[in-house]
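Trainee:
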Amino acid sequence: MLKDVRGAVRAATIVTVVGPSGAGKSTLLALCNLMQTPDAGEVWVWEREVRQWPLRALRRRVGLVMQQPVMLPGTVYDNLAAAARLHGEPEPDGRALLDLVGLPWDLLPRPAAELSGGQKQRIALARTLANRPDILLLDEATSALDRASAAVVEALVVRLVRERGMTVLWVTHDLAQARRISDEMWLVVDGRVVEQGPTAAFFDGPQTEWGRRFLLGQADLGQTGTEGDAGR
Amino acid sequence: MSLWALAMTLAFVAAAMALSIWQRLGLEKDMVVAAVRATVQLLAIGYVLKFVFHVDHAALTAAMVLLMSVVAADNASRRGQGLAGRFWRVWVAVMATEIATQGFLLAARVIPPEPAYVIPISGMIIGNAMVASALFLNRLRGEAQARRDEMTVLLSLGATPRQASRAVVKAAVKASMIPTIDSTKTMGLVQLPGMMTGQIIAGADPIKAVRYQLLIVFALIASAAITTMVLGALTYGRLFNQHQQPVV
Numbered sequence: 001m002l003k004d005v006r007g008a009v010r011a012a013t014i015v016t017v018v019g020p021s022g023a024g025k026s027t028l029l030a031l032c033n034l035m036q037t038p039d040a041g042e043v044w045v046w047e048r049e050v051r052q053w054p055l056r057a058l059r060r061r062v063g064l065v066m067q068q069p070v071m072l073p074g075t076v077y078d079n080l081a082a083a084a085r086l087h088g089e090p091e092p093d094g095r096a097l098l099d100l101v102g103l104p105w106d107l108l109p110r111p112a113a114e115l116s117g118g119q120k121q122r123i124a125l126a127r128t129l130a131n132r133p134d135i136l137l138l139d140e141a142t143s144a145l146d147r148a149s150a151a152v153v154e155a156l157v158v159r160l161v162r163e164r165g166m167t168v169l170w171v172t173h174d175l176a177q178a179r180r181i182s183d184e185m186w187l188v189v190d191g192r193v194v195e196q197g198p199t200a201a202f203f204d205g206p207q208t209e210w211g212r213r214f215l216l217g218q219a220d221l222g223q224t225g226t227e228g229d230a231g232r
Numbered sequence: 001m002s003l004w005a006l007a008m009t010l011a012f013v014a015a016a017m018a019l020s021i022w023q024r025l026g027l028e029k030d031m032v033v034a035a036v037r038a039t040v041q042l043l044a045i046g047y048v049l050k051f052v053f054h055v056d057h058a059a060l061t062a063a064m065v066l067l068m069s070v071v072a073a074d075n076a077s078r079r080g081q082g083l084a085g086r087f088w089r090v091w092v093a094v095m096a097t098e099i100a101t102q103g104f105l106l107a108a109r110v111i112p113p114e115p116a117y118v119i120p121i122s123g124m125i126i127g128n129a130m131v132a133s134a135l136f137l138n139r140l141r142g143e144a145q146a147r148r149d150e151m152t153v154l155l156s157l158g159a160t161p162r163q164a165s166r167a168v169v170k171a172a173v174k175a176s177m178i179p180t181i182d183s184t185k186t187m188g189l190v191q192l193p194g195m196m197t198g199q200i201i202a203g204a205d206p207i208k209a210v211r212y213q214l215l216i217v218f219a220l221i222a223s224a225a226i227t228t229m230v231l232g233a234l235t236y237g238r239l240f241n242q243h244q245q246p247v248v
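In order, the protein sequence lines correspond to chains D and L. Note that full-length UniProt numbering numbers the first sequence so that position 199 is 199, with each residue one more than the last. Note that full-length UniProt numbering numbers the second sequence so that position 189 is 189, with each residue one more than the last.
1. Just to confirm the assignment, what range does the beta strand (DSSP E) spanning Q196 (chain D) have?
2. Between A83 (chain D) and N131 (chain D), which are expected to be in contact by the criterion C-beta below 8 Å, what is the C-beta distance as a whole number of angstroms?
3. Contact criterion: CB-CB distance below 7 Å. Does G237 (chain L) meet it with respect to chain D?
4. Suppose the cutoff is 7 Å on Cβ atoms and the five residues either side in sequence are ignored; what does the same chain contact list for F240 (chain L) look like?
5. In chain D, which residues lie less than 8 Å from Q102 (chain L) when you measure between Cβ atoms?
6. Exposed or buried, R24 (chain L), counting other C-beta atoms within 10 Å across all chains shown (16 or more means buried)?
7. Determine the chain L residues that contact P111 (chain D) at a beta-carbon separation under 8 Å, and present them in chain order.
8. Quick one: residues in its chain with C-beta nearer than 6 Å to the C-beta of K7 (chain L), no 5 flanking neighbours on either side, listed in chain order?
9. Given a cut-off of 7 Å, decide if S149 (chain D) and G118 (chain D) are closer than it, judged by their beta-carbon atoms.
10. If you pair each beta-carbon of the stretch 11-24 of chain D with each one of the stretch 185-195 of chain D, do three or more pairs fall below 8 Å?
11. Using a C-beta cutoff of 7 Å, does L100 (chain D) count as contacting chain L?
12. Out of curiosity, what's the CA-to-CA distance linking T39 (chain L) and P73 (chain D)?
13. Tell me the DSSP secondary structure of L189 (chain L) in three-state form.
14. Considering only residues of the same chain and omitting the five flanking positions on each side of A35 (chain L), which have a CB-CB separation below 7 Å?
15. Could you tell me whether the Cβ atoms of A159 (chain L) and L86 (chain D) are closer together than 7 Å?
16. Pull up the distance between the alpha-carbon of P206 (chain D) and that of R110 (chain D), whole angstroms please.
17. Determine, using beta carbons only, whether A144 (chain L) comes closer than 7 Å to chain D.
18. Quick one: does S156 (chain L) have its CB under 7 Å from some CB of chain D?
19. So R132 (chain D) contacts chain L; which residues on that side make the cut at Cβ distance below 8 Å?
20. Within 10 Å of its beta-carbon, does V94 (chain L) have 16 or more other beta-carbons around it, so buried, or fewer, so exposed?
21. What residues in its chain sit with their C-beta under 8 Å from that of Q223 (chain D), if we drop five residues either side in the sequence?
22. Run through chain L and tell me which residues come within less than 9 Å of A82 (chain D), C-beta to C-beta.
23. Is any beta-carbon of chain L found at less than 7 Å from that of A230 (chain D)?
24. Nearest-angstrom Cα distance between E227 (chain D) and A23 (chain D)?
25. Within the stretch 8-79 of chain D, note down every full alpha helix (DSSP H) run reaching 4 residues or more, in order along the chain.
26. Could you have a look at V168 (chain D) and say whether DSSP puts it in helix, strand or coil?
27. Which residue's Cα is closest to the Cα of A15 (chain L): L:V32, L:D74, L:N75?
28. Is there a Cβ of chain D sitting closer than 7 Å to that of residue 253 (chain L), yes or no?
29. Any residues in the stretch 163-188 of chain D with a beta carbon nearer than 8 Å to a beta carbon of chain L? Which ones, in chain order?
30. Under 9 Å, CB to CB, which of the residues in the stretch 165-178 of chain L have a partner in chain D?
31. Do you know offhand how far V43 (chain D)'s Cα is from P104 (chain D)'s?
32. Find out if the Cβ-Cβ distance for the pair A112 (chain D), V152 (chain D) is shorter than 7 Å.
33. Using beta-carbon positions only, say whether A96 (chain L) and F87 (chain L) come within less than 7 Å of one another.
34. Is there contact between the stretch 180-188 of chain L and the stretch 219-238 of chain L, where contact requires at least three CB pairs shorter than 8 Å?
35. By Cβ distance, which residues of its chain are closer than 7 Å to Q52 (chain D), with the 5 residues on each side in sequence left out?
36. Counting contacts by CB-CB distance shorter than 7 Å, is R60 (chain D) in contact with chain L?
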């Protein structure tokens, strides 16, 4: 699905990945913690190619929040404590994790399956954060949230980047969100990263026809020429 | 029972065939094949058993048990398509069950080390292990497909394949043990078990027959548990590829 992808993400920054549906954005994230394996090419995380990492260590340090917030069986707390239990570590402070994502404490004993879509999304994020990853892969992590809840998550992620030095690769369809939070943007079209650069520059003057048409909201980006700078 | 009396029982097959023809089920040919196969197989095993009992040698008894386990593994491993290496995994699970249960019965001197005891009881243990294995393999794949997202979440949190598939294996073990447990619950109320019935018809004291039947029932519960747990431990890894991604 992905072809000729080349790019680096600087530590302690937020990179948003945008592009039309089916462009390969989720695949790009899944390659970073080896939930999918590249057919060709390499994906490096710090000093090692992902296939050279001990998998448990890689997936702890590179946390993934999936597009569909799948809840594990049990209560909200069981979900938040899942990572600690897997690794035989002390149970986390459930209230503190709920505070992080702006959810009330009384959710802790509730069956996770009964939550709303937006609550599940935030629990999925808190569950991943409980693992204390250094890199966070977010796949449409606020798509089911209202504006206020999304703002809580955005502020949290920005704070984690500034305070903990976390690195974030965030797939989003929300261009306003991308503009608010990211240091850099990658535009993925038909499996290729057709434009990448500082967020401000992308919005002020995209370098490619794809970029221009994407900002204008045109859906048929796959029909645009074969060269990234076509139509310049 | 005389051969003439036995031949008379073919009337049952004829009746079933007549019903099949009447209702146009198209099962007549299968019924003839099944009746012929059952007759030939049972007569053959009858003569083989007569020979083995007569020779009364441990190696021959072991060979019989081995043969039964291979046939059982071959049959059960036809389930669970897509799981590579099923045959030997099922065979190991079946043999582990046979060795554990039969070993206990012999070591505790519950039954004498004679082919007339070891072979029929092994047949029941291995047969039950075969059914449990087939159910397990069938269920494992379905559970893994139904819980794929859950396994993916666990793996992405750093779970090992064993941890990620624990709930899947547990559900498959439970599902494959239920028939054995349920049939045990209704034993004597709904059905009189085959071995006990056979002993009683052959003239044995019903109380003595019940004791042997209980021995078998308890062994079968252990057999289902051991088989499915061993098979679970041997097969969960096949649900993932080398990069610990779900493959079912």
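Glycine is no exception: its CB is placed at the ideal position from the N, C-alpha and C atoms.
Mentor: For this structure:
1. Position 196 of the first sequence, counting from 1, holds the residue named residue 196 (chain D). 192-198 is the extent of the beta strand (DSSP E) around Q196 (chain D).
2. Against the first sequence, residue 83 (chain D) aligns to sequence position 83. Against the first sequence, residue 131 (chain D) aligns to sequence position 131. Correct: roughly 4 Å between the Cβ atoms.
3. Indexing the second sequence from 1 puts residue 237 (chain L) at position 237. False, the Cβ-Cβ gap to chain D never drops below 7 Å.
4. Residue numbering aside, residue 240 (chain L) sits at position 240 when the second sequence is read from its first letter. So the qualifying residues of the chain are P161, P246, V247.
5. Taking the first residue of the second sequence as 1, we reach residue 102 (chain L) at position 102. Neighbours of Q102 (chain L) on chain D: none; closest Cβ ~38 Å, over 8 Å.
6. Translated into the one-based positions of the second sequence, residue 24 (chain L) becomes position 24. Exposed, by the Cβ-count rule.
7. Residue numbering aside, residue 111 (chain D) sits at position 111 when the first sequence is read from its first letter. Per Cβ cutoff of 8 Å: no residues; P111 (chain D) is ~15 Å from chain L at best.
8. Translated into the one-based positions of the second sequence, residue 7 (chain L) becomes position 7. Checking the sequence shown, residue 7 (chain L) turns out to be Ala, not Lys. Nothing meets the Cβ criterion.
9. The residue given as residue 118 (chain D) occupies position 118 in the first sequence. The residue given as residue 149 (chain D) occupies position 149 in the first sequence. Going by C-beta atoms, G118 (chain D) is nearer than 7 Å to S149 (chain D).
10. Yes: at least three Cβ pairs fall under 8 Å.
11. On the first sequence, position 100 is the one that residue 100 (chain D) refers to. Not an interface residue.
12. Numbered from 1 along the second sequence, position 39 holds the residue referred to as residue 39 (chain L). Numbered from 1 along the first sequence, position 73 holds the residue referred to as residue 73 (chain D). Rounded to whole angstroms, T39 (chain L) to P73 (chain D) spans 51 Å at the Cα level.
13. Residue 189 (chain L) sits at position 189 when you count from the first residue of the second sequence. Looking at L189 (chain L) - three-state DSSP - the assignment turns out to be coil, as it is neither helix nor strand.
14. On the second sequence, residue 35 (chain L) is found 35 positions in, with the first residue counted as 1. Excluding positions up to five away in sequence, the list reads V13.
15. Numbered from 1 along the second sequence, position 159 holds the residue referred to as residue 159 (chain L). Numbered from 1 along the first sequence, position 86 holds the residue referred to as residue 86 (chain D). Yes. Within cutoff.
16. Residue numbering aside, residue 206 (chain D) sits at position 206 when the first sequence is read from its first letter. Residue numbering aside, residue 110 (chain D) sits at position 110 when the first sequence is read from its first letter. Distance between the alpha carbons of P206 (chain D) and R110 (chain D): 47 Å.
17. Here the question's residue 144 (chain L) lines up with position 144 in the second sequence. Taking Cβ atoms only, chain D never reaches closer than 7 Å to A144 (chain L), which makes this a no.
18. On the second sequence, residue 156 (chain L) is found 156 positions in, with the first residue counted as 1. S156 (chain L) counts as touching chain D.
19. Locating residue 132 (chain D) in the first sequence gives position 132, where the first residue counts as 1. Result: empty, since nearest Cβ-Cβ is about 11 Å, beyond 8 Å.
20. What you label residue 94 (chain L) is simply residue 94 of the second sequence in a count that begins at 1. Buried is the call here.
21. In the first sequence, counting from the first residue as 1, residue 223 (chain D) sits at position 223. With a pLDDT of 49 at Q223 (chain D), under the threshold of 50, the modelled position of that residue is not reliable, and the figure given next carries that caveat. Within the same chain, Q223 (chain D) has no close Cβ partners at all.
22. Looking up residue 82 (chain D) in the first sequence gives position 82. Those within 9 Å of A82 (chain D) in chain L are V153, L154, L157, A159.
23. Position 230 of the first sequence, counted from the first residue, corresponds to residue 230 (chain D). The predicted position of A230 (chain D) is uncertain, since its pLDDT is 31 and thus under 50; no value can be drawn from it.
24. By 1-based counting over the first sequence, the position of residue 227 (chain D) is 227. By 1-based counting over the first sequence, the position of residue 23 (chain D) is 23. In this prediction, E227 (chain D) scores a pLDDT of 40, lower than 50, which makes its location untrustworthy; the coordinate-derived value is nonetheless stated afterwards. So the two alpha carbons sit approximately 16 Å from each other.
25. 25-32, 55-61
26. Walking along the first sequence from the start, residue 168 (chain D) turns up at place 168. Residue state, collapsed to three classes: strand.
27. Here residue 15 (chain L) refers to the residue found at position 15 when the second sequence is read from its first residue. If we check each option's Cα against that of A15 (chain L), L:V32 comes out closest.
28. Here chain L covers residues 1 to 248 and nothing more, so residue 253 (chain L) does not appear.
29. Hits within the stretch: zero.
30. A167
31. Your numbering for residue 43 (chain D) matches position 43 in the first sequence. Your numbering for residue 104 (chain D) matches position 104 in the first sequence. Taking the straight line joining both Cα atoms gives about 38 Å.
32. Counted from its first residue, the first sequence places residue 112 (chain D) at position 112. Counted from its first residue, the first sequence places residue 152 (chain D) at position 152. In this structure, V152 (chain D) does not lie closer than 7 Å to A112 (chain D) by Cβ.
33. Locating residue 96 (chain L) in the second sequence gives position 96, where the first residue counts as 1. Locating residue 87 (chain L) in the second sequence gives position 87, where the first residue counts as 1. It is not a contact, given that the beta carbons lie outside the stated cut-off.
34. yes
35. Locating residue 52 (chain D) in the first sequence gives position 52, where the first residue counts as 1. Closer than 7 Å at the Cβ level, and outside the excluded window around Q52 (chain D), lies no residue.
36. Taking the first sequence and counting its residues from 1, one reaches residue 60 (chain D) at position 60. By this cut-off, R60 (chain D) is an interface position.
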